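Numbering (the numbering used here), first residue to last: 371 to 694. Backbone N, C-alpha and C define an ideal beta-carbon position, used for all residues, glycine too. Nothing here was measured: the structure is a model prediction, and the numbers come from that model. So the structure is just underneath, and the comments pick up after that.
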Ligand code: NAD
Ligand code: UDP
């Protein structure tokens, strides 16, 4: 296998940190670029010093909203907060990250002739009227709602990628990622997985937004990374869905977490956020056909590993907060 100089934007985040380690372990030279808005160097845990000493792992503190000159022959462009709480914190910045940031990364790919993979999202389908969602579905997105900075931002990012491909022959890949979870999710990121698991670990009730009948399809992070690497090396340009197609309601998620932890969770209901999609499940036909992709980690198994990780982080946070 040939090795590459691989730039990973958003490389210190949840998905980015797993991707950087996978690429490093495959022998590539990895440039991890991040502005540390939601990412942390601690996501590399005990591997950090090994990476630093290796001579083929670099951290670059940079904001993709500003241009940068770097040399690479593969780019995974992930920089963008993914949790609704984080991307709605500064919506104008989220749009700039998705639009201006992607514009800069497409320009970098054009200059260096690097192949670039854009981390897009199932949110481009909005609150879908087609179910499950195939790549051919154009979506049902509110252009002026509170989620639009992210949904529409990613839709423009996809447009930019396709136009750089058609106009400048940039070698692009587009991954439409569906809800992904696993170790390195932040305890405070507000997404349903980290919220429910942290609540369960702290003996608090699960905060269900609305009735809990909305559905999602949760993909364990190692399966997503496998799909990413397959897509980067595949001979295709248009968007490809990546995720897990086992669909459950949010109420069922609470029950499953209770079962895995051996103690049923109490529930409290909170208002449903604006434009919250009612159902979501990837149609994985294309990924299976083009990439021979198959998610392997069951929800029970993935939950076990994620619970173990978040329990350790909550312990560390509690110990750090204790007076000496
Ligand atoms: P994350 O918030 O953990 O990671 C995002 C990373 O990007 C962080 O390290 C953050 O500091 C960095 N970042 C944000 N803005 C930046 C900027 N302007 N310049 C440089 N770095 C910046 O989220 P994640 O879950 O790891 O998501 C990674 C990518 O995958 C995002 O593009 C997201 O839209 C996409 N995605 C994730 C999911 C999911 O379920 N996790 C679903 C769909 C799409
Ligand atoms: N959700 C919930 N309780 C929480 C956090 C989220 O019921 O504490 C719901 C949320 O309304 C949505 C689903 O869980 O219907 C997934 O939310 P998340 O923020 O994880 O991802 P997204 O909505 O972007 O898929």
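Under a 10 Å Cβ-count criterion, residue 406 is classified as exposed, with fewer than 16 other Cβ atoms of the shown protein chains found around its own Cβ. Judged by DSSP secondary structure, residue 564 falls within the alpha helix (DSSP H) whose first and last residues are 562–571.
Taking the Cβ of residue 568 as the reference point, every heavy atom of the ligand NAD lies at 7 Å or farther away.
Under the three-state reduction of DSSP output, residue 430 falls in the strand class. Taken atom to atom, the span from the alpha-carbon of residue 388 to that of residue 456 is near 20 Å.
Residue environment: residue 425 is assigned as exposed (fewer than 16 neighbouring CB atoms within 10 Å of its CB, all protein chains considered).
For residue 448, there is no enclosing beta strand (DSSP E), as DSSP gives it neither H nor E. The ligand UDP approaches residue 577 closely enough that one of its heavy atoms is under 7 Å from the residue's Cβ. For residue 488, the enclosing beta strand (DSSP E) begins and ends at 485–491. Taking the Cα of residue 376 as reference, the smallest distance to any Cα among 497, 420 and 441 is reached at 441. Taking C-alpha positions only, residue 507 is separated from residue 498 by approximately 9 Å.
Not a single heavy atom of the ligand UDP lies less than 7 Å from the C-beta of residue 673.
A direct Cα-Cα distance of roughly 29 Å separates residue 419 from residue 437. Contact check for residue 476 against residue 465 fails: the beta carbons are separated by 8 Å or more.
The C-alpha of residue 514 is placed about 44 Å away from the C-alpha of residue 692. Judged by beta-carbon spacing, residue 545 lies beyond the 8 Å limit of residue 494, meaning their Cβ atoms are not closer than that value. Residue 400 carries a strand assignment under DSSP once its states are collapsed to helix, strand and coil. Residue 558 has its Cβ no nearer than 7 Å to any heavy atom of the ligand NAD. Counting along the chain, residue 609 sits inside the beta strand (DSSP E) bounded by residues 609–612. Bounds of any alpha helix (DSSP H) do not take in residue 408, whose DSSP letter is neither H nor E. For the pair residue 587 and residue 616, the CB atoms are nearer than the 8 Å cut-off. Residue pairing from DSSP places residue 496 in a beta bridge opposite 510.
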